[in-house]
Amino acid sequence: MLSRVADTIYWLARYMERTQSMLQVIRIQYIASQDEPHYWGWQPLLHTYGDLSEKEIKQRAPHTPQVLYHLVFDRQNGASVYHNIVRGRENARAVQDHITKEVWQSLNDYYHLIRQDSVAHQTLGEDPVSGLDGLIQQGVLYVGTVQNTMPRDEGYIFLKLGKFLERALQVTDMLRLNQHLFGEESEHGGAPELRYLLYSLLGYELYLKTYQGQLEARSVLELTLYNADFPHSLLYSLGQLLRYCERLKDKSRPESYEQLRFLIGKARTTVAYSTLESQQGEALGKFLAQVRGELLEVAAALSSSYFGNG
Amino acid sequence: MYNSGEGIEKIFPFDIIPRIISNTEWLRIEAGIKQRLKALNIFLKDIYHQQFIIKDGVVPAALVYSCPQFLREMMNVAVPHDVYTHVAGVDLIRDHDGEFYVLEDNLRTPSGVSYMLENRSITYRIFPDLLPKSNVLPVKDYPALLYRNLLALAGPQTSDPTVVLLSPGIYNSAYFEHSTLARLMGIQLVEGRDLIVHNHFVYMKTTRGLEKVDVIYRRVDDEFLDPLAFRPDSALGVPGLYWAYRKGNVAIVNAMGNGVADDKAVYCYVPDMIRYYLNEEPILKNVPTYQLADNDHRELVFSQMDKMVIKRTNESGGYGMLIGSAATEQEMDDFRQAITADPRSFIAQPIISLSSTPCYIDGKLQPRRIDLRPFALCGPSGIDIVPGGLTRVALREGSLIVNSSQGGGSKDTWVLGG
């Protein structure tokens, strides 16, 4: 497969995974902003998904419709959901002969959906949750179409590598954003935020089934880091990365494969052989920064030895 | 054409009523195009080698050397099997006398063949059973014929040659065609940045490392092909490609430097070329053409500008032309000035009332002007022309411009079996 094609497919998957994760986080934040008496504000998300200055963030943060507009529809914001979808579709267009027609159509429909005025109107005014749900559904349709129509060839492997690398990065970033919830002193006040964190990662129900009853910072961290059945846990994403990496073995130059396999294995081991006990207080921040760094090394290795960039 | 961002995809309208060409008419067209391409191919070989045609005074040297598409870099380059015009699209029109005339030869990177294939597949869906019952000859062999010719160009020392299609990328207006052809032939669609030249061999960058490329069907213009040999600011080309080509390490389709043969001023000499090289009378006629570098012609054209079409010799796509009957005084004055400044770059032809055919527009059948572009494939084994081609329609009432960039559409073209 051409390096450029592999690169384009991989980024297509990353953009779409990022879109899904952003939309879910924004949806849950919006619900929190309505339902939570001590709501903590939009600032952290505006920092993560926007490109505004400190001053602009202060001005906009209190106005929910403006925030939603900036994060989801703003064409000036290079990190908005709109831009992710446009880029995903552009990538798909450039590799149309390597993805199925159905996958292309689902992305094209996604693009046309987010451009509809009625969707923006609904999301910003009438009923934000339904508006965001509509967008999320189209994303789920894309995921299912990939699953159902794509041949399990090299292109599919790069789709999966992009998807799970992006997911691991998103989970790491979400945990970093909510680091304060896992500190010693915040045991008492963190429960509502912990619940919304679980909702954002689509893990609330699994948490209840696994741990029954009360929300504990420690158990939430255990679920999001180590649970092998939870598709948004860090360990699960890294396991999938390893799985698809190994399928590349007979499709790569031996030295490229060895390097990629080593780096993914290293990141997975960092997570698998860590313990909750060793991550009290500041240690968690260091640990997450280390994992993030190792994930970025995986991305760099893919870029240099598979996509021919430098 | 290269506007970025939104709206780069455009619709090319399709008219459902097919245009029908009888078998006898087609045989004449086919013979005429084959004859013409044979002569043009010899002309290209001659002009880039011994130049007998100039020495014998048939084509003036000044005309050839003043053509911007004449590439000195191609002098004495041996191209595989002496084939230059692997893919050619010859534009034909029909005048009031019922005769087909050649309007221009497109020998560089002619496009439109994917629409010929797409139009046929729409027709058999909207008119079930009609095609077999009407004895319409198939066009579906085109990709297979092209692939066969491309494979034949690879050097004999390569057992499993790699053929690629080089496209300028998704912002090119013909990108749809590039990806369609690559898919139909099962070859890689590459861009300039996917290829590198090492030791005068061309490689493509793949996830398994570098892979040697033997044949390039390029849809990038000459001047953008190699920034080291031609335009240094080209981001679409591959540095070093020209030398790899010269060394014979890669075959490029169509050959570089073909523009000298489809220049609109050189066009006037094609009938003479046919007589000179083949000792035959041309089967298809040229449209009468005045070269504006000639003083007498220029005065004649200036005096009857309202009856003339004036074209730039190196433009295509319906750009850089003036239709006298529809032009304002101001436009005519602008052209007069431009022509006086640089007469070599213009030609004039009498306005030909292109033949018309019924089209289904707004629920009625209405006449619209058409032309015809059959696609010819020249390979080491000879010239093949799939029976059919792209019929372009000027959709605006009374318009004579069929180019898709200027509001043209297309029709399926049926050639009937004998």
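Chains as they are written, first to last, in this note's numbering: chain A, 4 to 313; chain B, 34 to 451.
From the three backbone atoms N, C-alpha and C, an ideal C-beta is built for every residue, glycine too.
For clarity, every value in this text was computed on a predicted model and none was experimentally measured.
query	result
Report yes or no: is there a C-beta of chain A within less than 8 Å of the C-beta of ILE203 (chain B)?	yes
Using DSSP bridges, identify the partner residues of HIS231 (chain B).	B:PHE234
Identify whether GLU39 (chain B) lies in helix, strand or coil by the three-state DSSP scheme.	Note that GLU39 (chain B) scores a pLDDT of 44, beneath 50, so its modelled location is shaky and nothing firm can be said.
Going by alpha carbons, who is nearest to VAL120 (chain B) out of B:GLY450, B:GLY451 and B:ASP417?	B:ASP417
Between SER133 (chain A) and the rest of its own chain, which residues show a CB-CB distance below 7 Å, the 5 nearest in sequence each way excluded?	GLN125
Cα separation between ASP89 (chain B) and MET306 (chain B)?	11 Å
Using a 10 Å radius around the Cβ and a threshold of 16 neighbouring Cβ atoms, would you call ARG271 (chain A) buried or exposed?	buried
Which residue marks the beginning of the beta strand (DSSP E) containing PRO383 (chain B), and which one marks its end?	379 to 383
DSSP beta-bridge partners for ALA185 (chain B)?	Paired residue(s): none; ALA185 (chain B) is not in a bridge.
Determine whether the Cβ of MET177 (chain A) lies closer than 8 Å to any Cβ atom of chain B.	no
Can you check whether the CB of ARG252 (chain B) is closer than 8 Å to the CB of LEU523 (chain B)?	As displayed, chain B neither begins before 34 nor continues past 451, which places residue 523 (chain B) out of reach and without an answer.
Where LEU251 (chain A) and ILE34 (chain A) are concerned, what is the direct C-alpha to C-alpha distance, given to the nearest angstrom?	42 Å
Counting only Cβ pairs nearer than 7 Å, list the residues of chain B close to GLU169 (chain A).	Near GLU169 (chain A) there are no residues of chain B at all, since even the closest Cβ is about 19 Å away, more than 7 Å.
According to DSSP, what are the bridge partners of ILE416 (chain B)?	B:CYS411
At the 8 Å Cβ level, is ALA215 (chain B) part of the contact set with chain A, yes or no?	yes
Could you give the residue range of the beta strand (DSSP E) that holds LEU125 (chain B)?	120 to 127
Give the straight-line distance between the Cα atoms of HIS330 (chain B) and TYR208 (chain B), rounded to the nearest whole angstrom.	40 Å
Does the contact criterion of 3 or more C-beta pairs under 8 Å hold for the segment 234 to 244 of chain A versus the segment 134 to 151 of chain A?	no
Start and end of the alpha helix (DSSP H) containing ASN87 (chain A)?	84 to 97
Compare the Cα-Cα distances from PRO376 (chain B) to each of B:LEU398, B:ILE343 and B:SER358 and report the closest residue.	B:ILE343
Classify HIS183 (chain A) as buried or exposed, calling it buried when 16 or more other Cβ atoms lie within 10 Å of its own Cβ.	exposed
Which residues in the same chain as GLY44 (chain A) place their Cβ atom closer than 7 Å to its Cβ, once the five residues preceding and following it in sequence are excluded?	ALA64
Can you give the beta carbon distance from ARG92 (chain A) to LEU110 (chain A), rounded, assuming they're within the 8 Å contact cut?	5 Å
What residues match up with TYR134 (chain B) in a beta bridge as DSSP calls it?	B:ILE126 and B:LYS318
Using a C-beta to C-beta distance shorter than 9 Å, which residues of chain B count as neighbours of GLU157 (chain A)?	THR240
Over the uninterrupted beta strand (DSSP E) stretch that includes VAL342 (chain B), give me the two end residues.	341 to 345
Below 7 Å CB to CB, which residues in the same chain sit around ALA64 (chain B) once its five sequence neighbours on both sides are set aside?	ILE316
Taking 8 Å as the threshold (C-beta atoms), are TYR117 (chain B) and LEU77 (chain B) in contact?	yes
Within the 8 Å Cβ cut-off, does MET218 (chain B) reach chain A?	no
With a CB to CB cut of under 7 Å and the five nearest residues on each side skipped, what residues in its chain are close to ILE356 (chain B)?	VAL342, ILE384 and LEU433
Quick check on this structure: which residue in A:TYR260, A:HIS50 and A:GLY128 has the alpha carbon closest to the alpha carbon of SER306 (chain A)?	A:TYR260
At a CB-CB cut-off below 8 Å, which residues of chain B make contact with ALA97 (chain A)?	GLY202 and ILE203
In chain order, what residues of the same chain have a beta carbon less than 8 Å from the beta carbon of ILE12 (chain A), not counting five sequence neighbours either side?	ASN94, VAL98, HIS101, ILE102, GLY158, PHE161, LEU162 and GLY165
Could you spell out the range, first to last residue, of the alpha helix (DSSP H) harbouring LYS67 (chain B)?	56 to 80
Determine the closest residue to HIS66 (chain A) out of A:VAL89, A:ALA123, A:LEU127 and A:ASP10, with distance taken between C-alpha atoms.	A:LEU127
Just to confirm my understanding: we take VAL92 (chain B), look at its own chain, exclude 5 residues before and 5 after, and list those with CB closer than 6 Å. What are they?	ILE86 and TYR302
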